[in-house]
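In my numbering, the protein residues as written are 392 to 585.
Dropping the structure here:
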C-alpha cells in the first residue's frame, strides 16, 4: 500500500484520487476493487448526478413559477393601460419593431427595452436574454438585468379607457323621479334647473 502511494506521488508530483468509497463506507484503492464494485460505484455516481440535475430543474421551475405569478400580479395592478403599440421602440432581444403589447425596460441598463415574449423568455433572470439587435453592447447574462413595465409618449393604447376596472355611475334621474337632495319634491321642480 505504501509502495503504491509512493508510485502515485512520484508519477505526477502529488497523490492521485485513486480511492473510491465502497458500499460499506470504507475506502478501497481502485486496484483492489472488483469489477462488480467498480460497476456499482459508477452506477451510484450516475444516480447522484441525476438526482442533482433533477433538484436543479425543480429549483428553476419554482423560480419560473414565481416569476409568472409576479408578472400576473403586475398586470392585474396596472391593468390594460400599458398594453398597446409602442411606436418607434425596438425590442433589443428579438429586434421586433414596434413593440406591440407590454413593453419592459431594464432598471440597470440605459435604453434597454424588450417585448413581452422576450420578457417571458428572460423569466426573472433564470432564462435566456439574447442581443439579436446588436446596436448596443448589452450583457446576455439574464441575471444582470431587472425589468419593469414601461410606457412613454410614443405609446398608443389599443384598449378603450386604458385603465383598470370600470365602475357604473349612478342612474340618471328622470324629471318625474323624486329628487335625490332629500326635499321630497319631483326632480323637475327641485334641482333639475340648478
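We put the CB at the ideal spot given by N, CA and C, even for glycine.
{"Query": "With a Cβ-Cβ cutoff of 8 Å, do residue 486 and residue 532 count as a contact?", "Result": "no"}
{"Query": "Buried or exposed for residue 438, please, with buried defined as at least 16 other CB atoms from any protein chain shown within 10 angstroms of its CB.", "Result": "exposed"}
{"Query": "At the level of alpha carbons, what is the spacing between residue 542 and residue 514?", "Result": "20 Å"}
{"Query": "Using the Cα positions of residue 503 and residue 560, report the straight-line distance between them to the nearest angstrom.", "Result": "41 Å"}
{"Query": "If you count every other CB in all the chains shown that lies within 10 Å of the CB of residue 569, and 16 or more means buried, which is it?", "Result": "exposed"}
{"Query": "Does DSSP put residue 410 in a helix, in a strand, or in coil?", "Result": "The pLDDT assigned to residue 410 is 42, lower than 50, so where the model puts this residue is not dependable, and the model offers no usable value."}
{"Query": "In the DSSP output, which residue or residues are listed as bridge partners for residue 492?", "Result": "475"}
{"Query": "So if DSSP puts residue 539 in a beta bridge, which residue, or which two residues, is it bridged to?", "Result": "496"}
{"Query": "Tell whether a beta-carbon distance below 8 Å holds between residue 547 and residue 460.", "Result": "no"}
{"Query": "Whose C-beta lies closer than 6 Å to the C-beta of residue 478 among residues of the same chain, with five residues either side of it excluded?", "Result": "489 and 545"}
{"Query": "Which first and last residues belong to the alpha helix (DSSP H) in which residue 506 is found?", "Result": "First-last for residue 506: 504 to 506, but that is the beta strand (DSSP E), not the alpha helix (DSSP H)."}
{"Query": "Helix, strand or coil: how does DSSP classify residue 577 here?", "Result": "strand"}
{"Query": "Let's test the definition: count the other Cβ atoms within 10 Å of the Cβ of residue 467 and tell me whether it reaches 16, buried, or not, exposed.", "Result": "exposed"}
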